[in-house]
Amino acid sequence: MSLLTAPGGVGADRVTSEKGLGPMTPRYKLLAATVAAAALAGAGAASAATFIQPWTVSPSGSISVTIGDNGLGVMGGSTDPVNGNSAHTFNASTGAFTDTFDFFLPTGLAGASVITTLSGQAVNDLTFSNITFNGATGSTTSGGGQATAHVDFQKITQGGEQELVITGNGGSAATFGGTVSFVLGNAVPEPATWALMIMGFGGAGALLRNRRRMAAVAV
Numbered sequence: 010m011s012l013l014t015a016p017g018g019v020g021a022d023r024v025t026s027e028k029g030l031g032p033m034t035p036r037y038k039l040l041a042a043t044v045a046a047a048a049l050a051g052a053g054a055a056s057a058a059t060f061i062q063p064w065t066v067s068p069s070g071s072i073s074v075t076i077g078d079n080g081l082g083v084m085g086g087s088t089d090p091v092n093g094n095s096a097h098t099f100n101a102s103t104g105a106f107t108d109t110f111d112f113f114l115p116t117g118l119a120g121a122s123v124i125t126t127l128s129g130q131a132v133n134d135l136t137f138s139n140i141t142f143n144g145a146t147g148s149t150t151s152g153g154g155q156a157t158a159h160v161d162f163q164k165i166t167q168g169g170e171q172e173l174v175i176t177g178n179g180g181s182a183a184t185f186g187g188t189v190s191f192v193l194g195n196a197v198p199e200p201a202t203w204a205l206m207i208m209g210f211g212g213a214g215a216l217l218r219n220r221r222r223m224a225a226v227a228v
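Numbering-wise, the sequence shown is residues 10 to 228 according to this note's numbering.
If you want it as structure tokens, here you go:
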């Protein structure tokens, strides 16, 4: 079954949304996906569920993208550039949610590491129950008003699709967000080179999105 379709179908107690996320280029090291979690009341009905903001380039040579969820019970579209693929499911009866973020990485990235951290206040019953990167399970903790999850130094052994999955429970207005940063292992490219790379990210992301849509139709 495609990631774009929730198991058991989309009913009155489940919302599903698909957004863009982000393919990378060779020799990038995924330094961090730091996600601050907070359950905020009154999320706007026009907000998207999972979201992706445009890529940014830092003077140090890293590229970063902000990801997150604007409301576990919110269903809506995103106007952000297509940089990859993401999917969101939420069961209003139980509060269970699953957010899946897919990155497409060329084969030259093999050997890089990923560090993923989610943290924030456990307000409105927001908790993280599990976090995985390419199937490798991280750790989650809660207590003292905090909810955290970690995947530390998980190696990327080959190119292609990489998958970050976050699961947990919370109220329909619970939200979280954070930043994923990639950096070159060697020299920092010129700004013009970065511009071409970022344009390429969007094109590869569109291909990934179309491939998933075709798979969903075939199911």
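We put the CB at the ideal spot given by N, CA and C, even for glycine.
Query raised in the report: Between the Cα of T184 and the Cα atoms of F60, T59 and D78, which residue gives the shortest distance?
Result: As a working note, residue 184 is residue 175 in the sequence shown. Nearest of F60, T59 and D78 to T184, Cα basis: D78.
Report task. Assuming T75 and S95 form a contact by the criterion Cβ under 8 Å, report the distance between their Cβ atoms to the nearest whole angstrom. Result -> Here the question's residue 75 lines up with position 66 in the sequence shown. Here the question's residue 95 lines up with position 86 in the sequence shown. Between S95 and T75 the Cβ distance is about 12 Å, and since that is not below 8 Å, they are no contact.
Query raised in the report: Can you name the start and end residues of the beta strand (DSSP E) that S102 belongs to?
Result: Taking the sequence shown and counting its residues from 1, the one referred to as residue 102 is at position 93. Premise fails: S102 is in no beta strand (DSSP E) and is neither H nor E.
Query - Closest residue to N139 among G180, F106 and E170 (Cα-Cα distance) - result: Taking the sequence shown and counting its residues from 1, one reaches residue 139 at position 130. Check the Cα spacing between N139 and each of G180, F106 and E170: the tightest is with F106.
Report task. Give me the Cα-Cα distance between L217 and A156, rounded to the nearest whole angstrom. Result -> Against the sequence shown, residue 217 aligns to sequence position 208. Against the sequence shown, residue 156 aligns to sequence position 147. Annotation note: pLDDT 43 at L217 (below 50); position unreliable, coordinate value reported separately. C-alpha separation (whole angstroms): 32 Å.
Report task. Report yes if the C-beta distance between S80 and D134 is below 8 Å; otherwise report no. Result -> Position 71 of the sequence shown, counting from 1, holds the residue named residue 80. Position 125 of the sequence shown, counting from 1, holds the residue named residue 134. This sequence places Gly at residue 80; Ser is not what is there. Going by C-beta atoms, G80 is not nearer than 8 Å to D134.
Query raised in the report: Can you tell me where the beta strand (DSSP E) with N139 in it begins and where it stops?
Result: Locating residue 139 in the sequence shown gives position 130, counting from the first residue. Counting along the chain, the unbroken beta strand (DSSP E) around N139 starts and ends at T136 to F142.
Requested in this report: Could you check which residue in T176, G144 and G187 has the C-alpha nearest to that of F99?
Outcome: Walking along the sequence shown from the start, residue 99 turns up at place 90. Minimum Cα distance to F99 is reached at T176.
Report task. Out of E170, S102 and A182, point me to the one whose CA is closest to F112's CA. Result -> Taking the sequence shown and counting its residues from 1, the one referred to as residue 112 is at position 103. Selected option, being the one with the closest Cα: E170.
Requested in this report: Tell me whether N178 sits in a helix, a strand or coil according to DSSP, three-state version.
Outcome: Along the sequence shown, read from residue 1 onward, the residue named residue 178 stands at position 169. Reduced to three states, the DSSP call for N178 is strand.
Query raised in the report: Beta carbon of H97, beta carbon of A58: below 8 Å?
Result: Along the sequence shown, one-based indexing puts residue 97 at 88. Along the sequence shown, one-based indexing puts residue 58 at 49. One thing to note: H97 has its Cβ within 8 Å of the Cβ of A58.
Requested in this report: Using 10 angstroms around the beta-carbon of T103, count the other beta-carbons present and answer buried if the total reaches 16, otherwise exposed.
Outcome: The residue given as residue 103 occupies position 94 in the sequence shown. Exposed.
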